[in-house]
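Reviewing the structure listed below.
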Amino acid sequence: MVRVRFAPSPTGPLHIGGVRTALYNYLFARKLGGTFILRIEDTDQTRFVEGAEEYIMESLEWCGIKVDEGIREGGPFGPYRQSDKKEDYRQYAEMLVGKGDAYYAFDTPEDLEQMRMSYEKRGDTFIYSGSVRDSLSNSLALPEEEWKAKLAGGDHYVIRYRMPVNEDIHFDDLIRGHIVVNSSTLDDKVLFKSDGMPTYHLAHCVDDHIMEITHVIRGEEWLPSLPLHKLLYRSFGWASPEFAHLPLLLKPDGKGKLSKRDGDKLGFPVFPLYWPYGETAKGYREDGYYPEAFINMLALLGWNPGTEQEIFSMDELTDAFSIERVHKSGSRFDPEKAKWFNHQYLLKRSNEEIAMQFREELRAKGFQIDLQEIEELVALVKERVSFAKDLWAETDFFFVAPDKYDPEVVRKRWKEDTPALLAELRGVLENTDPFSPAETETAVKAWITEKGYNTGNVMNALRLVIVGASRGPHIFDIISWLGKESTIERIDKGLSEIGK
RNA sequence: GGUCCAUUCGUCUAGUGGUUAGGACGUCAGGUUUUCAUCCUGGUAACAGGGGUUCGAUUCCCCUAUGGACUACCA
85 MVRVRFAPSP TGPLHIGGVR TALYNYLFAR KLGGTFILRI EDTDQTRFVE GAEEYIMESL
145 EWCGIKVDEG IREGGPFGPY RQSDKKEDYR QYAEMLVGKG DAYYAFDTPE DLEQMRMSYE
205 KRGDTFIYSG SVRDSLSNSL ALPEEEWKAK LAGGDHYVIR YRMPVNEDIH FDDLIRGHIV
265 VNSSTLDDKV LFKSDGMPTY HLAHCVDDHI MEITHVIRGE EWLPSLPLHK LLYRSFGWAS
325 PEFAHLPLLL KPDGKGKLSK RDGDKLGFPV FPLYWPYGET AKGYREDGYY PEAFINMLAL
385 LGWNPGTEQE IFSMDELTDA FSIERVHKSG SRFDPEKAKW FNHQYLLKRS NEEIAMQFRE
445 ELRAKGFQID LQEIEELVAL VKERVSFAKD LWAETDFFFV APDKYDPEVV RKRWKEDTPA
505 LLAELRGVLE NTDPFSPAET ETAVKAWITE KGYNTGNVMN ALRLVIVGAS RGPHIFDIIS
565 WLGKESTIER IDKGLSEIGK
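For the numbering used here, count along the first sequence from 1 and bump the result up by 84.
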């Protein structure tokens, strides 16, 4: 039975890289009929951010990623928040000390900082490991009575892993294949902190074991500490889960991995949802993205099924997904393509659904329009926009008569005979019934032909007085939607205001 | 600096020991729309470099370069 987990740290809003990690875990679990677990890793009390936990859950929900076991959902392997069982971790750390694979260390952060600095002065790098641990303040170097006295005396201490010396550690990654690292390049990582909390290394290993996690799918930043984690499982005598390290998401321009600040700087969101605390950060949801489009775009960043299909529902993603086809190298995020994805999904939505959304915006602007009419409008312009929120910019002239006329268009299209032409056209339209796109077009064209006028001159002038610029859908669709009365009014207004 | 990971069009990517190296986004051009956008058609554009192995390497190996991650009592 496959069991995977997404284990974020509640230190702020979830970044899209994190969402993708959650997504791949979710797809993997669903594909194999497994269980997707959400575990909150809040062992760093200093970085805890109020609201982050809720934000994470809400984000996953919005994305359509359903959690099987977690804080809200419950489950047989709880608690699912690490701080809720902080006392449990100590015994596991002590267990390792008992086995001789870990030890107490009394060095203060200040001591270590000083060591690092003096090493750095010599052009060296200090690492707490086999070569120096015997000369530092710990239970391996100190006489037994002394360190036991320190322990009994309540001295602050941490528990460190005793990294074996010069051992080649072999391990396999589902995405990267076989990797070998020599243990002498690794340091004695802190497992248990002096504040009574475990570090990530200890806590995730213990929890993955307790929760019977079969596959750990996480970001590439964890690859360097995988040897330690493998060793930890060995020391505990536990079977290790399989590991898969996902490539990073890179900035669209320049170098490096996508960071939380890139969004505002480059003008696109890096968070799924708006983050209301601290620095304001916009989200995909508020920017008008459909969750399906967002997920589709994210899924294809670092994975693809090997076919040319690009549009996938969550179910289709689940069917097609395989961890082996996840890339090894990082992918640069492309905001342009993200928009394209949303456009595709917008096209798939019904006019009615889009219209209902648009109606809210119109109401807020003070326009009470019948849904049926909004639907007609949506049908006219939906393929011109990527987001429902862009509808207004494409349709503003339907609701408000132009109060200024694009001077460039006026210069090009407003000829000497235009007023006379429009006055005559006004009469033609006035006598056209019903005022439908087909009927008006037929009438106007017949009139043009009869009089031998230039079609372009008439049409462009009409568009100018109706729209105020050279843009918008088919002109007869516009005037028909507007109705005879408004159309006539706009012609009159144009006649009196242009060309004075 | 050290350790580890990676490298196909600008971007996301497909692909193979012998291919005209395919698709998508973007971009450019033409067509349609007597507007603009859409849409259609077409174009542009890539195997990081150098050595091997091989009859033949983009594909396999090594080196270099470049990029990235990690190098906390953070995750």
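Just so it is clear, CB atoms sit at the ideal spot from N, CA and C, and this is done for glycine as well.
Identify which residue in V103, K423, E460 and K421 has its Cα closest to the Cα of E437.
Position 353 of the first sequence, counted from the start, is the residue given in the question as residue 437. Per the Cα distances, E460.
Kindly confirm or deny that the segment 343–361 and the segment 91–102 touch, where touching means at least three C-beta pairs closer than 8 Å.
Yes, the segment 343–361 touches the segment 91–102.
Tell me, to the nearest whole angstrom, how far the beta carbon of R585 is from that of Y284; I am working on the premise that it is less than 8 Å.
The chain is shown only over 85 to 584; residue 585 falls outside these bounds and no answer can be derived.
So, at 7 Å on beta carbons, what are the nonlocal neighbours of Y170 in its own chain, with the 5 sequence-adjacent residues on each side left out?
The residue you call residue 170 lines up with position 86 of the first sequence. Note that residue 170 is Lys in the sequence shown, not Tyr. Counting only Cβ-Cβ distances below 7 Å, and skipping sequence neighbours, we find G280 and M281.
Under the DSSP definition of a beta bridge, which residues are partnered with K341?
In the first sequence, counting from the first residue as 1, residue 341 sits at position 257. DSSP output for K341 lists L334 as bridge partner(s).
What runs of the alpha helix (DSSP H), each 4 residues or longer, lie entirely inside the segment 361–418?
If we require 4 residues or more, the alpha helix (DSSP H) runs fully inside the segment 361–418 come out as 375–383 and 398–404.
Mind reading off the beta-carbon distance from F425 to A377? Whole number of angstroms is fine, and I expect it under 8 Å.
For the purposes of this step, residue 425 is taken as residue 341 along the first sequence, with counting starting at 1. For the purposes of this step, residue 377 is taken as residue 293 along the first sequence, with counting starting at 1. Yes, they are in contact, since the Cβ atoms of F425 and A377 sit about 4 Å apart, within 8 Å.
Going by other Cβ atoms of all chains shown within 10 Å of its Cβ, with 16 needed for buried, is F451 buried or exposed?
What you label residue 451 is simply residue 367 of the first sequence in a count that begins at 1. With fewer than 16 Cβ atoms within 10 Å of its Cβ, F451 is classed as exposed.
Among residues of its own chain, excluding the 5 on either side of A113, which ones have a beta-carbon nearer than 7 Å to its beta-carbon?
The count along the first sequence starts at 1 and reaches residue 113 at position 29. Hits under 7 Å: V86, V88, T119 and F120.
Is it true that the CB of A422 sits closer than 8 Å to the CB of L107?
The residue given as residue 107 occupies position 23 in the first sequence. The residue given as residue 422 occupies position 338 in the first sequence. Not in contact: L107 and A422 (Cβ atoms no closer than 8 Å).
How is the beta strand (DSSP E) around Y245 delimited, first residue to last?
Here residue 245 is taken as the residue at index 161 of the first sequence, counted from 1. Run containing Y245: V242 to Y245, per the beta strand (DSSP E) assignment.
Measure the CB-CB distance between M543 and I559 and report whether it falls below 8 Å.
Mapped onto the first sequence, residue 543 falls at position 459. Mapped onto the first sequence, residue 559 falls at position 475. Against a cut-off of 8 Å, the Cβ pair of I559 and M543 comes out as a contact.
Under the three-state reduction of DSSP, which class applies to D291: helix, strand or coil?
Position 207 of the first sequence, counted from the start, is the residue given in the question as residue 291. Helix at D291.
Using CA coordinates, which residue listed in L116, R104, E137 and R123 is at the minimum distance from G148?
Mapped onto the first sequence, residue 148 falls at position 64. Looking at the Cα atoms, R104 is the closest of the given residues.
Let me make sure I understand the geometry here. Which of K449, S219, E525 and G552 has the alpha-carbon closest to that of L539?
Within the first sequence, numbered from 1, the residue matching residue 539 stands at position 455. The sequence given here has Thr at residue 539, not Leu. Minimum Cα distance to T539 is reached at E525.
Starting from H299, trace the beta strand (DSSP E) both ways and give me its first and last residue.
Translated into positions along the first sequence, residue 299 becomes position 215. Taken as a continuous stretch (DSSP letters only), the beta strand (DSSP E) holding H299 covers H299 to G303.
Please state whether the Cβ-Cβ distance between T516 and E523 is less than 8 Å.
In the first sequence, counting from the first residue as 1, residue 516 sits at position 432. In the first sequence, counting from the first residue as 1, residue 523 sits at position 439. Contact: yes.
My understanding is that G578 touches V551, with C-beta atoms under 8 Å, so please give their C-beta distance in whole angstroms.
Taking the first residue of the first sequence as 1, we reach residue 578 at position 494. Taking the first residue of the first sequence as 1, we reach residue 551 at position 467. No, G578 and V551 are not in contact; Cβ-Cβ is about 10 Å, not under 8 Å.
Pick out whichever of G340, H293, P308 and P331 has its Cα sitting closest to the Cα of P325.
Along the first sequence, one-based indexing puts residue 325 at 241. Looking at the Cα atoms, H293 is the closest of the given residues.
Whole angstroms is fine: what's the gap from Y203's alpha carbon to T209's?
Residue mapping note: residue 203 aligns to position 119 of the first sequence, counting from 1. Residue mapping note: residue 209 aligns to position 125 of the first sequence, counting from 1. Cα to Cα, Y203 sits roughly 6 Å from T209.
Please work out which residues of its chain come closer than 7 Å, Cβ to Cβ, to H313, disregarding the five sequence neighbours upstream and downstream, and give them in chain order.
As a working note, residue 313 is residue 229 in the first sequence. Cβ neighbours of H313 beyond the five flanking positions: H285 and C289.
Along the chain, where does the alpha helix (DSSP H) that runs through T524 open and close?
As a position in the first sequence, residue 524 is number 440, starting the count at 1. Run containing T524: P521 to K535, per the alpha helix (DSSP H) assignment.
For P518, which option in G158, W565 and K488 has the closest C-alpha, if you only look at C-alpha atoms?
Here residue 518 is taken as the residue at index 434 of the first sequence, counted from 1. Comparing Cα-Cα distances from P518 to each of G158, W565 and K488, the minimum goes to W565.
If you follow the alpha helix (DSSP H) that T119 is in, where does it begin and where does it stop?
Residue numbering aside, residue 119 sits at position 35 when the first sequence is read from its first letter. That residue, T119, is in no alpha helix (DSSP H); its beta strand (DSSP E) goes T119 to L122.
For the candidate residues D256, L122 and F161, whose alpha-carbon lies nearest to that of S143?
What you label residue 143 is simply residue 59 of the first sequence in a count that begins at 1. Here the closest residue by C-alpha is L122.
Could you give the first and the last residue of the continuous beta strand (DSSP E) run that contains G261?
Against the first sequence, residue 261 aligns to sequence position 177. Taken as a continuous stretch (DSSP letters only), the beta strand (DSSP E) holding G261 covers G261 to N266.
Can you grab the Cα-Cα spacing for the pair D576 / G511, in whole Å?
Position 492 of the first sequence, counted from the start, is the residue given in the question as residue 576. Position 427 of the first sequence, counted from the start, is the residue given in the question as residue 511. The alpha-carbon atoms of D576 and G511 are separated by roughly 11 Å.
For P282, which of helix, strand or coil comes out of DSSP?
Your numbering for residue 282 matches position 198 in the first sequence. Correct three-state label for P282: strand.
Would you kindly work out how many angstroms separate the C-alpha atoms of I379 and N266, rounded to a whole number?
For the purposes of this step, residue 379 is taken as the residue at position 295 of the first sequence. For the purposes of this step, residue 266 is taken as the residue at position 182 of the first sequence. Going by the C-alpha atoms only, they are around 39 Å apart.
Given this structure, state the Cα-to-Cα distance separating V354 from F417, to the nearest angstrom.
What you label residue 354 is simply residue 270 of the first sequence in a count that begins at 1. What you label residue 417 is simply residue 333 of the first sequence in a count that begins at 1. Distance between the alpha carbons of V354 and F417 is about 10 Å.
According to the Cβ coordinates, are V462 and F442 closer than 8 Å?
As a first step, residue 462 is located in the first sequence; it is residue number 378 there, counting from the start. As a first step, residue 442 is located in the first sequence; it is residue number 358 there, counting from the start. In this structure, F442 lies closer than 8 Å to V462 by Cβ.
How about A328 and D399: do their beta carbons lie closer than 8 Å?
Your numbering for residue 328 matches position 244 in the first sequence. Your numbering for residue 399 matches position 315 in the first sequence. Contact: no.
Would you kindly check if the distance between the Cβ of L350 and the Cβ of G101 is under 8 Å?
In the first sequence, the residue the question calls residue 101 occupies position 17. In the first sequence, the residue the question calls residue 350 occupies position 266. Taking 8 Å as the Cβ cut-off, G101 and L350 do not qualify as a contacting pair.
So which of D337, L334, A365 and L330 has the shortest CA-CA distance to R345?
Stepping through the first sequence from its first residue, residue 345 is reached at position 261. Minimum Cα distance to R345 is reached at A365.
Taking the Cβ atom as the reference point for each residue, do V469 and E457 lie within a distance shorter than 8 Å?
To locate residue 469, count along the first sequence from 1; it is residue 385. To locate residue 457, count along the first sequence from 1; it is residue 373. No, the Cβ-Cβ distance between V469 and E457 is not below 8 Å.
In this structure, does DSSP put W498 in helix, strand or coil?
Your numbering for residue 498 matches position 414 in the first sequence. W498: coil per DSSP, three-state reduction.
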